[in-house]
Every structure is written in C-alpha cells, then in structure tokens.
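In full-length UniProt numbering, the protein residues as written are 1 to 442.
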Amino acid sequence: NSLCRAPGLSAMAGKCMTTTLRASLDCRRLASRLRFRALDDRILVGGQRALGGLSYHHTPGKQPLLPLTLGDVVDRVADKHGDNVAIVSCHQSIRKTYSEWKLDIDRLAAALASLRLQVGSKVAMIAPNMYEWSIVQFATAKVGLILVNINTAYQVPELEYCLNRTDSEAVILSQRFARQDYYRMLLEIAPEIESSTPGFLKSIRLPKLRHIICIGDERKQGTVLFADLMESVTNEQLRDMQAISSKLQFDDPINLQFTSGTTGKPKAAQLSHFNLVNNAYLIGQLFELDKEHEVICLNVPMIHCYGCVGGTLAASLFGSTIVMPAPSFKAEAALDCIHSEKCTFIYGTPTMYIDILHHFQGSEYDISSVRRAVMAGAPCPPEVIRRVMTELNGRRFFILYGATEASPVITGTCPDDPLDDWMHSVGRPFQHTEIKNCGQRK
Numbered sequence: 001n002s003l004c005r006a007p008g009l010s011a012m013a014g015k016c017m018t019t020t021l022r023a024s025l026d027c028r029r030l031a032s033r034l035r036f037r038a039l040d041d042r043i044l045v046g047g048q049r050a051l052g053g054l055s056y057h058h059t060p061g062k063q064p065l066l067p068l069t070l071g072d073v074v075d076r077v078a079d080k081h082g083d084n085v086a087i088v089s090c091h092q093s094i095r096k097t098y099s100e101w102k103l104d105i106d107r108l109a110a111a112l113a114s115l116r117l118q119v120g121s122k123v124a125m126i127a128p129n130m131y132e133w134s135i136v137q138f139a140t141a142k143v144g145l146i147l148v149n150i151n152t153a154y155q156v157p158e159l160e161y162c163l164n165r166t167d168s169e170a171v172i173l174s175q176r177f178a179r180q181d182y183y184r185m186l187l188e189i190a191p192e193i194e195s196s197t198p199g200f201l202k203s204i205r206l207p208k209l210r211h212i213i214c215i216g217d218e219r220k221q222g223t224v225l226f227a228d229l230m231e232s233v234t235n236e237q238l239r240d241m242q243a244i245s246s247k248l249q250f251d252d253p254i255n256l257q258f259t260s261g262t263t264g265k266p267k268a269a270q271l272s273h274f275n276l277v278n279n280a281y282l283i284g285q286l287f288e289l290d291k292e293h294e295v296i297c298l299n300v301p302m303i304h305c306y307g308c309v310g311g312t313l314a315a316s317l318f319g320s321t322i323v324m325p326a327p328s329f330k331a332e333a334a335l336d337c338i339h340s341e342k343c344t345f346i347y348g349t350p351t352m353y354i355d356i357l358h359h360f361q362g363s364e365y366d367i368s369s370v371r372r373a374v375m376a377g378a379p380c381p382p383e384v385i386r387r388v389m390t391e392l393n394g395r396r397f398f399i400l401y402g403a404t405e406a407s408p409v410i411t412g413t414c415p416d417d418p419l420d421d422w423m424h425s426v427g428r429p430f431q432h433t434e435i436k437n438c439g440q441r442k
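This is the structure we're talking about:
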C-alpha cells in the first residue's frame, strides 16, 4: 500500500490485472515528480525513506472482480433497492425510484432494438446532464449497443469527425443547450436530414448515420421524438429485448469516450461492461456507499467518466440517489439542491468547489446534511480541500486520480489516513491495479 504523490502529473501508466481491465498510458511530462512513499514499516529504513527509484507498484485485489453487465446492475438494484429514489433531476422536476428507472430503461432498450440496431452498433449521445442521459447510458448497454459520449461543447467539425470516427448509426440529442443547437449543427453536416424519413437517412458526409432521436417536445424533420419512441414499445419488443440482453457477455465493449483533443483530434477510448462496472464498484467501496445511503449532488458532467461511472453507475451498484442540480454546473443550483434534497455527498472539480464556497458565504442554505465530498479532474489545492471540509461539512473527503482509458480511476485517497499524508497526494492505487512510471528518470 503505497501513497502516490503526483502534483501536476499529466499522465500515468495504469494496467489492471485482468485481460479485460487493462489500460496503458505513456507518462512523459513531469514523470520525475512521481514518488512512492512506503507506509509499511517493514519497508521503512530509519522510520521513513523515499522510494523514488521504484517505477512499479501493484495493488492485488482483496476480492474477485464482478462478472456483471450494466443490464445486470439495473436488474439487481431494482430488485434490492426498488423503492429507493434513483434519480432526481431538479431542473426537470423529475424524481424516479429504482423500480421506475428500470422500467424506463427497459422500454428504451426495447425501442432501440426495434430500430434494427444490431449488437455492437454505435449510438451517439449529445446532451447535458438530464434524466434521459441516465436512461440512455443503461438502455444502450442492455441491448449490446455501444454508447458514444459526445462532448456538448463540440462544434460542427468535431461532431462530424466523432460520428464518422465511430461509425455511429444513431444519435440521441437534446435539441439545444446553452448556445448550441445540435439539430442545426447536424443539418450543416447532413442537409439530407430535412428531406429524409426517420430511420432512413442517407447522407454523403455521415454515411453510417440512419437514426436521429430528439429529446424534447419540438418535432423536427427527419427525426423521431425520444418520448414517442419509448411510448411505442410493445410487450413483444420487451421480450425481444430480454432475449438479447441474456446473451451479452460482461467483457463486451459498451462505451466509447473521447479524450484529449487539445493537441489534435479527439481520441476514442473503448470500455467494456467489465471495465466500467468494476471501476464503479471500487469507487463505491472507497466512498463507503455500502455503509450508508448517500444522496449525491452530481455537479460533474455525465459525458465524462467522473459523472457516468463515478456518479450514476457507482450509485446504482449500491442503491444511492443521484441528484442533478442543472444541465451544467451552477453553484446556486448546487446549493439549492443540497438544501432541498438534503444531499449528503458532493461531487465536483476544484473550480466548482471554489464557486460553491463563494456563493455559500453569507447565504442561508442549510448544508447540515453533507458528510462527504470528492474532488477530481484537476490538481486539488490543499487550501480549498480544508475549506470544503470545514465550511461545507465534507469531513469525509476524497481525491481521485485517473484517466478515461482506465475506466477511469487509478488511485484514490482515504480520509482515515493522516491529513498531511493524503492531502498532498493522489492516494493509493485501486485494487487489481498496476502502476508503472514510464518517464525517464533525471
């Protein structure tokens, strides 16, 4: 059990022990700043010594990994925690129990299968945080479709590249978000949409795309409404869906997430049921979701692993509640939800917490329900961590470090360790994880 101290580290090599839980990252910049500090007295010399010369560390698993699909997770949580509230979308005024959530997932899964999308077909999702995101995430997986997460900030060239790079056959989109009009963006790429019948698009620039599904009430030419698709499901289609789901394997690929793109085109990382379920399960155990029912204020976007793996998937493995304050982060909306929904756990990035702290000062929000907080996505300033622990009641505080290719979490801190040890670190490697520093040592 070694503590990884890696402030400012740009990449890390992580590889899980099983053939399907593997990720390898090239670590070049600032690699010399990675240090391992032994916490085992048998290794210490004179009470303490740095192990900077060691480039490799392995954390064996204390328990077997889970051979489950995302569909299995949905079925299990509905059976065990069916009456628990699964999702609260504050900005949509939607509240669903796990039993209700499962019914919606099953209906959408059956509807997607009825479009003759075969197992392994790609379905892109362009939407901010909303209830429908959580349904799509699990419904696609339940019939073997590979979900393609599209960043809501992408412009037309990036959208075209990602849809073609993944051979997406269907796209599910919110019609508008912020200043983005996704339907109009698609029309720029494929003007044939306006003259096409839904499900039969033939586009020169998007040759694989056939189906466009719009979330919302506004009907657009060449598209089908998300709500209409779900309402059209028959009992026979539900039986067909169950037959497909029963044949899926836990090591099937199920998700493509785009990463990087700052120095070139976005790069797609392919993840399986096994990757995602087990990383989410280990996250949930670290967060102690198995000990108490948590109500999670999910400020981070679901288009990234932080939101859809550490958020919705981890919560569904343990029957926790996800609260979505707004389509995208707003400090006031987050505080409103913590106050009204009695959230016990806050998710955020350092800049999100700085904004929440700013808006909380001098306010009358009741945040007495909060007991846990997690920070990730960027280097975590110790002074901000201390303020979150004291001013926002996040006494059980966690830092995560990871990469999309690793599903995503590689290391995490434990609040039971001495404060000065974990606050300046990215924690210990997760179970079943190997870490190797591939940078040149100076």
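Idealized CB from N, CA, C, for every residue including glycine.
Taking CYS162 and PRO253 to be in contact with their CB atoms under 8 Å, please state how far apart those CB atoms are, rounded to whole angstroms.
-> In this structure, CYS162 and PRO253 do not form a Cβ contact; the two beta carbons are roughly 17 Å apart against a cut-off of 8 Å.
Using a threshold of 9 Å, state whether the C-beta atoms of VAL300 and GLY311 are closer than that.
-> Contact annotation: VAL300 and GLY311 have beta-carbon atoms nearer than 9 Å.
How far does the alpha helix (DSSP H) with LEU317 in it reach, from first residue to last?
-> Where LEU317 is concerned, the enclosing alpha helix (DSSP H) starts and stops at 314-318.
Would you kindly report the start and end of the unbroken beta strand (DSSP E) that includes HIS58?
-> Looking at the DSSP string, the run of the beta strand (DSSP E) that includes HIS58 is 56-59.
Where does ASP181 sit, in a helix, a strand or coil, going by DSSP?
-> Reduced to three states, the DSSP call for ASP181 is strand.
MET389 in three-state terms, based on DSSP = Assigned with DSSP and collapsed to three states, MET389 falls in helix.
Sorted by chain position, which residues of the same chain lie with C-beta nearer than 6 Å to THR20's C-beta, five sequence neighbours on each side aside?
-> Residue placement at THR20 cannot be trusted, given a pLDDT of 32 that sits under 50; what the coordinates show is reported in the next sentence. Same-chain partners within the cutoff: ASP251, SER272 and PHE274.
DSSP beta-bridge partners for GLN270?
-> DSSP lists LEU256 as partners of GLN270.
Does the Cβ of GLN270 have 16 or more other Cβ atoms within 10 Å, making it buried, or fewer, making it exposed?
-> Counting Cβ neighbours within 10 Å, GLN270 comes out exposed, since fewer than 16 surround it.
Hey, could you find the ends of the beta strand (DSSP E) LYS436 is sitting in?
-> Membership of LYS436 in the beta strand (DSSP E) is indicated by the continuous run 433-436.
Close Cβ partners of ILE322 (< 8 Å) along its chain, the five nearest in sequence each way excluded | Short of 8 Å from the beta carbon of ILE322, and not among the five residues preceding or following it, lie these beta carbons of its own chain, in chain order: ALA86, ILE87, VAL88, SER134, ILE296, LEU298, GLY311, THR312 and ALA315.
Pairwise C-alpha distance: TYR306 and ARG49 | Low local confidence applies: a pLDDT of 43 at ARG49 is under 50, so the model's placement there is unreliable, and no value is given.
Flag this pair as touching only if the region 205-213 and the region 75-85 have three or more C-beta atom pairs under 8 Å; answer yes or no.
-> Judged by Cβ distances under 8 Å, the region 205-213 makes no contact with the region 75-85, as fewer than three pairs qualify.
THR411, enclosing alpha helix (DSSP H) - first and last residue = From DSSP, THR411 is part of no alpha helix (DSSP H) but of the beta strand (DSSP E) over 409-412.
Can you grab the Cα-Cα spacing for the pair SER93 / CYS337, in whole Å?
-> Approximately 12 Å, taken between the alpha carbons.
Using 8 Å as the threshold, is the region 234-244 in touch with the region 287-296, meaning 3 or more CB pairs across them?
-> Touching, no.
When burial is assigned at 16 or more other CB atoms within 10 Å of the CB, is ILE367 buried or exposed?
-> Buried, since its Cβ has 16 or more Cβ neighbours within 10 Å.
Contiguous beta strand (DSSP E) assignments of at least 3 residues, all confined to the region 352-399 = Positions of the beta strand (DSSP E) runs, each at least 3 residues long and wholly inside the region 352-399, are given as 372-375 in order along the chain.
Paired residues, beta bridge with CYS297 - DSSP = Answer by DSSP bridge pairing, in chain order: VAL323 and ILE346.
Check whether the Cβ atoms of VAL277 and LEU145 lie closer than 9 Å to each other.
-> Between VAL277 and LEU145, the gap from beta carbon to beta carbon reaches 9 Å or more.
Are GLU391 and PHE360 closer than 9 Å when you measure CB to CB?
-> Closer than 9 Å, so yes.
Report back the beta-carbon spacing between GLY412 and GLY394 to the nearest angstrom; my notes put them in contact at under 8 Å.
-> That belief does not hold up - the Cβ atoms of GLY412 and GLY394 are roughly 15 Å apart, past 8 Å.
Spatial distance of CYS438 from PRO408 (CA atoms) = Distance between the alpha carbons of CYS438 and PRO408 is about 19 Å.
In this structure, what does DSSP give as the bridge partners for LEU225?
-> Partner(s): CYS214.
THR140 to GLU294, Cα distance in whole Å?
-> The alpha-carbon separation between THR140 and GLU294 amounts to approximately 26 Å.
Going straight from the alpha carbon of LEU187 to that of SER245, what length do you get?
-> When rounded, the separation of the alpha-carbon atoms in LEU187 and SER245 is 34 Å.
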